[in-house]
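Written out below as structure tokens is the structure these notes cover.
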Amino acid sequence: MAQAVPLAAVDNALTYQSTRLGRLLDQWKRFEPDKFEPGLKLLEDQLQDEIGRETKAEPRRILAQQLEQLKLRGDRATIGSRILDGVSRTNSGPMDRLARLGWYSVARSQRDLEGTLFGHILTGAEFADIVPEAQYKREKEKYDAQHEPKDSAKVPPIVPGAYWTDWEQIDGWEKSFDEMLKKNLDLRAVCEELQKTVEKRA
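If you count by our numbering, then the sequence shown holds residues 309 to 510, one letter each, in order.
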């Protein structure tokens with residue numbers, strides 16, 4: 309059976325590592341899926357057994373779907389699609405969760421695949437929806453309102469610091485990414501388009 313691959317073909321396509329997609333691909337290329345193959349093969353056998361024992365149509369269909377997704381762990385196109393899906397679904401998520409192993413840090417153990425982004429990418433398993441924590445436009449408007457000078461005629465306008473300018477740039481990349489997903493581009497095409505965006509802003 310084909311093994312899951314780290315998409316080496318796009319490893320050098322990104323220079324925007326501060327974006328979520330860049331960060332995830334950087335971590336994914338460090339991932340060693342072969343270490344997890346024995347456990348995944350065992351899971352595959354377990355699902356096959358459960359399908360054979362299940363008598364009700366709907367549970368049997370769900371199990372069969374899980375097995376089908378698990379068997380796609382060596383398919384490049386599927387892995388790429390799951391990466392894009394995962395990045396989209398974690399937009400503005402809280403860092404205390406996304407920084408954990410198996411999310412935007414490489415999975416190191418079988419446990420790191422349970423209900424995480426890496427687990428979703430490798431096996432197709434679902435993960436709980438991520439509730440957005442902070443969005444650039446809303447937070448910037450709040451900051452500006454709090455720091456707006458009382459007498460604008462006497463006080464020079466606020467000059468945004470690196471924190472806000474960096475966030476604005478990343479937010480722009482995120483919006484570009486969302487627009488590309490609407491066009492149903494694959495991972496390689498998204499990387500190429502985002503690279504052009506980076507070069508224009510450089």
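Cβ atoms here follow ideal geometry from the backbone N, Cα and C, with glycine treated the same way.
Would you grab the beta carbon distance between residue i and residue j for me? Rounded to a whole angstrom, and I think it's under 8 Å.
{"i": "LEU425", "j": "TRP411", "result": "5 Å"}
{"i": "GLN335", "j": "VAL414", "result": "5 Å"}
{"i": "TYR444", "j": "TRP481", "result": "Rounded, the Cβ-Cβ distance is 11 Å, inconsistent with contact."}
{"i": "GLN418", "j": "PHE344", "result": "6 Å"}
{"i": "GLN377", "j": "THR431", "result": "7 Å"}
{"i": "LEU371", "j": "GLU352", "result": "Wrong, their Cβ atoms sit about 11 Å apart, outside the cutoff."}
{"i": "GLU434", "j": "HIS428", "result": "7 Å"}
{"i": "THR327", "j": "ILE478", "result": "6 Å"}
{"i": "LEU489", "j": "GLY388", "result": "12 Å between Cβ atoms; not a contact."}
List the endpoints of the continuous alpha helix (DSSP H) containing residue i.
{"i": "GLU358", "result": "345-361"}
{"i": "GLU511", "result": "This structure gives no information on residue 511, because the portion of the chain shown stretches from 309 to 510."}
{"i": "ARG446", "result": "444-455"}
{"i": "LYS364", "result": "LYS364 -> no alpha helix (DSSP H), and no H or E assigned at all."}
{"i": "ILE429", "result": "425-431"}
{"i": "SER396", "result": "384-397"}
Could you name the residues that DSSP lists as bridge partners for residue i?
{"i": "SER413", "result": "LEU409"}
In this structure, does DSSP put residue i in helix, strand or coil?
{"i": "PHE339", "result": "coil"}
{"i": "GLY330", "result": "helix"}
{"i": "GLU434", "result": "coil"}
{"i": "ALA316", "result": "Caution applies to ALA316, whose pLDDT of 41 falls short of 50 and renders its modelled position unreliable; the value that the coordinates give is listed next. Helix, per DSSP."}
{"i": "LEU493", "result": "coil"}
{"i": "GLU422", "result": "coil"}
{"i": "GLU500", "result": "helix"}
{"i": "GLU376", "result": "helix"}
Are three or more beta carbon pairs between the stretch 341-356 and the stretch 394-409 nearer than 8 Å?
-> no
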